[in-house]
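Chains as they are written, first to last, in the working numbering: chain A, 21 to 475; chain B, 21 to 475; chain C, 21 to 475; chain D, 62 to 173; chain E, 62 to 173; chain F, 62 to 173.
The C-beta atom is built at its ideal place from N, Cα and C for all residues, glycine as well.
From a predicted model like this one, the values you see are computed outputs, not experimental measurements.
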Ligand SMILES: Nc1ncnc2c1ncn2[C@@H]1O[C@H](COP(=O)(O)OP(=O)(O)O)[C@@H](O)[C@H]1O
Ligand SMILES: Nc1ncnc2c1ncn2[C@@H]1O[C@H](COP(=O)(O)OP(=O)(O)O)[C@@H](O)[C@H]1O
Ligand SMILES: Nc1ncnc2c1ncn2[C@@H]1O[C@H](COP(=O)(O)OP(=O)(O)O)[C@@H](O)[C@H]1O
């Protein structure tokens with residue numbers, strides 16, 4: 021790898037997730053055989069991986085389970101928990117290869133099968149990892165095992181987030197089939213577009229620090245499509261569907277918040293430099309801002325500041341800052357947070373009611389909408405020096421040019437995931453049937469799907 | 021910065037929080053332009069920040085919510101959750117500046133507005149941070165973003181702890197106003213006194229490793245004043261106010277315990293040297309000791325060892341070791357823990373009943389009393405070499421001289437926070453009214469303040 | 021320490037827990053006076069310690085409490101919580117010394133009292149720690165305080181795991197006495213055998229990366245013996261003993277899963293090299309595989325995939341990978357996980373019913389059985405290079421020779437713990453009485469042992 | 062006065078309450094109960110331990126009404142709560158000798 | 062014997078129980094119920110979905126007493142449970158034909 | 062018809078239900094209640110605040126049966142639920158004027 025190659029890497033890589041790695045390059049010795057894992061970076065990435073896993077189990081599991089009726093609490097937890105296991109194995113078998121394999125003729129769109137079953141990992145397992153080859157290669161200071169584990173936790177949570185839209189009425193068997201196909205055919209390709217140096221959105225220079233498109237817009241739109249295809253819950257709009265135990269949702273949202281530090285600051289790929297620190301700081305500020313704006317808006321509109329509003333606001337802010345976390349300053353983060361709180365409130369109330377679909381727990385209303393808000397706002401608000409490299413000392417300052425790239429990334433993600441999710445759902449419906457019977461729905465999924473109940 | 025300056029820094033800084041940073045100085049190259057963030061130290065401080073956030077959400081939220089009656093569970097969680105967001109924004113806007121700005125004429129007592137809205141952070145964001153200037157400067161191996169985020173989580177938890185004293189009867193709107201003023205006018209100044217090199221208690225050489233005065237005595241005394249000003253809960257002493265779900269409190273206490281490793285070992289400012297490790301170890305020992313002494317004492321006195329006693333003991337021990345964590349050996353930690361368990365039990369039962377105030381969840385009884393116990397005991401028990409530096413090879417060994425300094429720090433904190441909290445409460449009372457109506461209190465805050473309930 | 025000594029260390033140490041330390045040796049300067057703590061390794065080990073503590077409180081506490089009836093929820097939590105404190109103090113007072121003291125004449129079997137009350141820790145507290153002396157010494161890059169805290173969390177969780185077997189019917193006072201004796205007389209010696217360089221199983225070259233024998237087989241077998249000695253619960257087999265709130269168990273299992281990253285990847289002793297990363301990866305894969313195999317098997321056999329099955333599968337997989345975590349490749353981990361899921365299901369259902377004991381929460385069925393499965397399978401599946409050192413470039417590849425060593429380690433652990441546990445229980449029975457009265461059992465331990473209840 | 066005690070399926074509660082208001086019923090009391098009857102329960106299996114849960118969640122409505130209203134109330138509940146599927150529940154009518162409104166001390170008819 | 066069934070505000074429970082003891086009432090049974098009545102419930106809003114919760118938490122006391130004690134018991138409950146605010150609840154009296162203490166098999170008067 | 066209302070110890074529920082089936086009882090309704098009586102409660106202490114919890118968990122069974130079955134049912138419950146220890150509970154019998162099966166509209170005897 022020549023000096024010029026490295027420069028190219030830095031320029032491109034600075035635009036996307038795990039970007040801080042490039043900052044390390046300057047300081048690192050040439051990528052020689054004897055490169056060593058940086059113990060501090062590795063420590064942070066191992067920690068971040070644990071934090072992101074915690075976001076799904078128990079984070080999302082509780083956040084969602086706290087919002088459903090008593091009869092569906094366990095089934096809702098089961099969805100996140102089982103998906104964690106399922107996507108783990110899927111990712112190991114083929115998902116990682118499709119997302120982060122070099123790819124062949126269509127390498128801009130999809131990886132290949134070279135890393136199926138993680139083949140190749142037994143070599144260089146104790147050496148720093150380089151993603152991609154040739155000009156586009158991106159060098160890390162951590163081993164591939166850590167890189168792929170960290171990425172695995174993203175694949176897991178994305179699938180788990182979708183379950184919020186289909187809660188209370190989807191067959192468990194159908195969910196298993198759907199997630200298997202979706203993870204391989206939708207998640208992995210989009211991750212390749214955005215995070216593999218060969219990916220077309222990576223090449224375009226669209227900014228997505230930690231997964232605004234790949235994770236949140238993706239899950240949100242998939243959820244919306246699934247909610248529409250499945251149809252409304254029995255009794256929606258007429259029966260009382262008040263959450264059984266919002267306390268669980270508060271625990272879930274809290275662990276999401278804490279875990280999000282791994283999600284965003286971990287996406288710096290390193291603890292050194294200052295990007296991880298800045299990412300954590302702006303994550304916190306955006307979350308705080310969104311709690312305030314959602315809560316105060318609800319207070320004014322509905323007369324009371326609700327707990328569900330506050331925790332939803334936190335998630336809204338965290339989602340919106342995700343694509344921006346490594347690229348914006350605190351002031352911009354506060355703006356993103358305040359806007360996200362209002363956007364989420366609008367998405368989960370006005371928009372949903374206006375369009376009339378039943379997105380049970382607002383996977384689209386919060387993750388979809390706020391993911392879009394964040395992905396677009398970073399186009400204007402990104403601060404050059406934060407993404408600057410020696411090759412591109414100005415980094416990617418916000419502006420119309422960047423905004424257009426963001427629009428392309430957002431649009432492409434929406435269209436692809438909407439169409440592909442729809443097709444996968446229809447196939448699953450034919451093979452298994454998507455929805456439980458009305459009687460099972462009335463009785464609740466806990467007992468009918470899993471033979472258990474909480475007391 | 022000359023060699024002599026550095027020496028001075030070390031001598032002073034070794035006496036207070038984040039002290040381990042000084043140990044690093046010896047090993048570091050001169051504070052040149054090209055100093056680099058230590059990836060290992062940064063990894064640990066990022067992790068610690070996540071751990072301390074987890075202490076408030078969901079830690080304190082659950083610890084407190086598990087002790088109230090069913091009708092107030094969500095409202096109690098809401099207080100901690102919302103405060104997390106509120107103090108985040110307050111800290112970013114002005115709190116950090118008031119606490120860690122250099123300050124002008126009264127720089128021994130309060131910072132200035134130079135860091136309002138975190139201005140200045142966009143420069144040197146990827147460089148190690150030096151707190152203060154000139155002789156008193158303290159050099160870190162982590163960037164300012166990480167330092168200020170870590171400190172933010174302390175500002176958050178301190179405000180959240182107060183809510184235990186006012187649970188079940190304070191208006192949510194009044195709490196929002198109170199916390200806003202209190203965080204800016206009470207917390208930030210005291211943090212400046214103790215942790216800024218210009219602060220008068222810092223200069224005095226009072227030992228407070230991780231916040232015995234700033235966090236626990238401060239929150240405990242503020243809580244006591246608030247409990248007295250608000251008055252007793254309706255039905256206090258006559259109606260059954262048994263905790264609705266102590267299971268939540270056990271989860272909360274557990275996460276407090278785990279998170280406290282970030283609180284105390286993170287206050288070493290670094291993972292290197294041995295101070296973080298020793299701080300974690302003595303934290304664990306003190307917590308364990310206090311669980312044993314509280315539980316066995318209760319067992320003897322009341323006939324049964326209660327779960328609430330055990331978890332309260334853990335918190336008591338953790339509080340008491342906080343000011344001492346980086347300065348004492350395991351044996352001393354065990355003593356501190358054993359004493360704290362008994363002191364907490366006394367504070368939460370005998371003292372409270374003797375004086376007749378209604379500190380609903382014993383914010384003062386546990387945090388105030390045990391904070392005082394720890395802050396005073398460290399005066400006798402601190403082990404020189406742990407706080408030693410090249411300039412002061414004896415460190416701060418315990419003794420009468422040190423004990424007097426501790427008394428001054430404790431006394432000053434108590435007096436200032438008591439008076440200021442009282443004034444802020446009175447202002448809030450005039451503007452908004454502190455307390456809900458008796459009917460609202462009867463019906464519960466969940467439904468009357470937030471329009472929600474758990475089922 | 022000569023070069024040859026170091027080589028010896030590496031060869032031996034690579035076979036057991038905390039093995040990655042050896043990989044560091046090659047890269048380290050001679051073990052001179054001025055060796056420094058590696059900030060990155062220290063950061064990861066501090067984090068791992070927090071994660072492993074989280075496994076017990078609230079992890080095991082919730083996992084178990086979620087499976088008992090309403091009347092025993094708090095008592096079950098109390099057992100884990102109190103044990104955390106109790107074993108902390110026991111470990112500090114003597115447990116650590118018995119486990120990691122050099123030992124005298126019988127140094128292959130037990131340590132000595134040289135480290136009682138952690139004496140000696142005040143020296144070299146800021147230096148890297150070397151375990152053992154002379155030829156067998158093992159050098160770490162972290163201070164002893166961190167090493168002993170990390171180990172303490174293992175001693176804690178092992179004792180806590182046993183409580184699953186005796187849930188619902190053991191006197192609290194008897195449990196306190198039992199755990200005190202058991203921790204000192206059973207846990208510490210076995211830890212010495214396996215993890216101290218002088219230990220006979222260490223010398224034998226049996227592989228146990230993170231505690232398959234010391235923790236899981238040990239706790240599982242002790243639990244089995246205790247379940248048999250205590251006898252069945254009143255109403256076992258006739259009354260409905262359905263779990264009161266499996267939601268708690270899901271939270272517990274999730275935190276166990278997350279915390280297990282500290283347990284296994286922390287057992288690498290370092291974040292550098294690649295062992296921690298590989299350990300984390302295979303941990304995740306085994307957990308995922310076991311969830312799938314347990315769930316699908318149950319689905320086929322019983323008609324429904326249960327939540328309790330899924331979370332039990334996760335624990336089964338995590339247990340089984342524990343002895344293997346640093347030594348196997350992802351493919352082998354998947355096999356271990358799939359086998360463990362089936363083995364756990366068999367242990368918790370068929371085996372238990374066939375033999376007719378009442379292991380309330382399947383401490384033996386899951387931890388015992390899957391610990392054995394993992395400890396034996398690693399004999400065949402371990403991958404040489406992962407445990408390779410310069411002295412032994414082939415490491416410990418799986419095969420019949422290694423398998424026999426594993427059988428010896430497993431057999432010795434089972435026999436010793438079974439006999440010693442039985443004796444300790446009998447002594448406790450004579451002194452205090454093991455079991456509550458039938459009336460107390462009917463009324464529930466929450467109110468009769470602890471004077472509290474959940475509502 | 063009569064106490065009409067009805068055990069119904071939980072999701073029918075709101076509908077039933079709304080059906081009673083037009084008849085002049087101004088108050089009623091609801092209890093969560095578990096019902097055992099012809100409707101089969103579910104089998105729950107926890108790690109191999111099977112429990113046939115014969116008790117299903119139901120809701121019990123208790124409403125005291127003047128004698129002349131009793132039939133209409135029974136009728137209204139029966140109609141609204143009916144799904145035609147097994148487990149719809151029962152209605153029992155008991156005689157009430159006295160009624161009293163605590164707030165005012167009003168008795169009988171005017172207490173309801 | 063009479064079954065006195067009272068629906069009261071939950072926080073009045075302890076007071077009521079204490080008021081009955083002097084009358085010679087040695088046992089009673091309490092159920093958590095939800096009441097619908099003149100007292101308005103609260104509106105709960107969850108992300109824009111409004112539920113008017115017309116049901117308020119109440120406590121139902123059931124106590125069987127000898128005929129001659131019924132009036133005093135009703136009186137005692139009414140007095141103690143009264144706050145004068147809407148929602149104080151109701152008391153109904155029903156006739157009980159038989160009573161039996163399970164432990165001893167005693168019946169009627171001596172069963173209570 | 063008679064309404065047999067029994068308050069028993071919770072762990073006896075399954076046994077009692079099984080004892081009623083042979084008598085021809087096809088349905089019953091169960092409520093979790095708290096009982097106050099001769100059986101002493103426990104004292105709970107939370108950080109020094111003592112609450113004597115006089116209420117103990119009990120289960121209430123309500124079963125409506127034809128007049129001729131009432132005695133047998135009372136007898137069966139009394140026998141099965143008896144432990145001989147204090148707190149075994151009570152059985153009360155009330156008269157039911159009407160019964161109706163919601164699903165079919167059947168009334169009285171055939172509604173049960
Ligand atoms: N004899 C009875 N006494 C009291 N409650 C009854 C009786 N029979 C049935 N119930 C209640 O009615 C509910 C419905 O009865 P079930 O026999 O399942 O169906 P259906 O109402 O269609 O006949 C039961 O769950 C139970 O709560
Ligand atoms: N007709 C009735 N039958 C049964 N319970 C009733 C009836 N009317 C009222 N209740 C119960 O009494 C409670 C109080 O009644 P409500 O009309 O709100 O106020 P008040 O008691 O002041 O008239 C209700 O919540 C309900 O539980
Ligand atoms: N007069 C009563 N009216 C209604 N329920 C009663 C009455 N007396 C007792 N009970 C119920 O019966 C239960 C058992 O009564 P208790 O006096 O404790 O013991 P025993 O049944 O052995 O006499 C009580 O907990 C209560 O629920």
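Inter-residue spacing [alpha-carbon to alpha-carbon] between residue 76 of chain E and residue 161 of chain E = Cα-Cα distance, rounded: 27 Å.
Check the Cβ of residue 56 of chain B against every Cβ in chain C and list those closer than 8 Å, keeping chain order.
-> Those within 8 Å of residue 56 of chain B in chain C number zero; the least Cβ separation is about 12 Å.
Out of curiosity, what's the CA-to-CA distance linking residue 44 of chain C and residue 161 of chain C?
-> Legend: pLDDT at residue 44 of chain C = 35, less than 50; position of this residue unreliable, value from coordinates given subsequently. Distance from the CA atom of residue 44 of chain C to the CA atom of residue 161 of chain C, rounded to whole angstroms, is 8 Å.
Please decide whether residue 152 of chain D counts as near chain E, where near means a Cβ-Cβ distance under 8 Å.
-> Not one chain E Cβ lies under 8 Å of residue 152 of chain D.
List the residues of chain D whose Cβ lies closer than 7 Å to the Cβ of residue 72 of chain E, in chain order.
-> Those within 7 Å of residue 72 of chain E in chain D number zero; the least Cβ separation is about 14 Å.
Terminal residues of the continuous beta strand (DSSP E) containing residue 106 of chain D?
-> For residue 106 of chain D, the enclosing beta strand (DSSP E) starts and ends at 103-107.
Entirely within the stretch 346-370 of chain C and at least 4 residues each: give me those alpha helix (DSSP H) ranges in chain order.
-> Fully enclosed alpha helix (DSSP H) runs of 4 or longer: 350-366.
According to the Cβ coordinates, are residue 107 of chain E and residue 325 of chain A closer than 8 Å?
-> Not in contact: residue 107 of chain E and residue 325 of chain A (Cβ atoms no closer than 8 Å).
In chain order, which continuous runs of the alpha helix (DSSP H) of length 4 or greater are located wholly inside the stretch 404-475 of chain C?
-> If we require 4 residues or more, the alpha helix (DSSP H) runs fully inside the stretch 404-475 of chain C come out as 404-407, 420-451, 458-463 and 465-470.
Between the stretch 101-114 of chain E and chain A, which residues of the former have a C-beta closer than 8 Å to a C-beta of the latter?
-> So the list reads 105, 106, 107, 108, 109, 110, 112 and 114, given in the order they occur along the chain.
Kindly list, in the order they appear in chain E, the residues whose Cβ is closer than 8 Å to that of residue 147 of chain F.
-> Chain E residues near residue 147 of chain F: 164.
So is the beta-carbon of residue 372 of chain B under 7 Å away from any non-hydrogen atom of ligand 3?
-> Outside the cutoff, so no.
Would DSSP call residue 66 of chain E helix, strand or coil?
-> When DSSP states are grouped into helix, strand and coil, residue 66 of chain E belongs to the strand group.
In this structure, does DSSP put residue 71 of chain E in helix, strand or coil?
-> Three-state DSSP puts residue 71 of chain E in a helix.
Taking residue 81 of chain F as the reference, give the member of D:103, D:98, D:117 and D:72 with the closest Cα.
-> The residue with the shortest Cα to Cα distance from residue 81 of chain F is D:98.
Does the stretch 57-66 of chain C come within contact of the stretch 56-76 of chain B, defined as at least 3 CB pairs closer than 8 Å?
-> Proximity of the stretch 57-66 of chain C to the stretch 56-76 of chain B meets the contact definition, three or more beta-carbon pairs being nearer than 8 Å.
Range covered by the alpha helix (DSSP H) that runs through residue 295 of chain C = Per DSSP, residue 295 of chain C is one residue of the alpha helix (DSSP H) stretching across 295-322.
Just reading off the alpha helix (DSSP H) that residue 128 of chain F is part of, what are its end residues?
-> In the DSSP assignment, residue 128 of chain F falls within the alpha helix (DSSP H) that extends over 128-142.
What are the start and end residues of the beta strand (DSSP E) that includes residue 95 of chain E?
-> Its beta strand (DSSP E) spans residues 89-97.
Residue 228 of chain A in three-state terms, based on DSSP | In this structure, residue 228 of chain A counts as strand in the three-state DSSP scheme.
Distance, Cα to Cα, residue 178 of chain B vs residue 188 of chain B?
-> Taking the straight line joining both Cα atoms gives about 19 Å.
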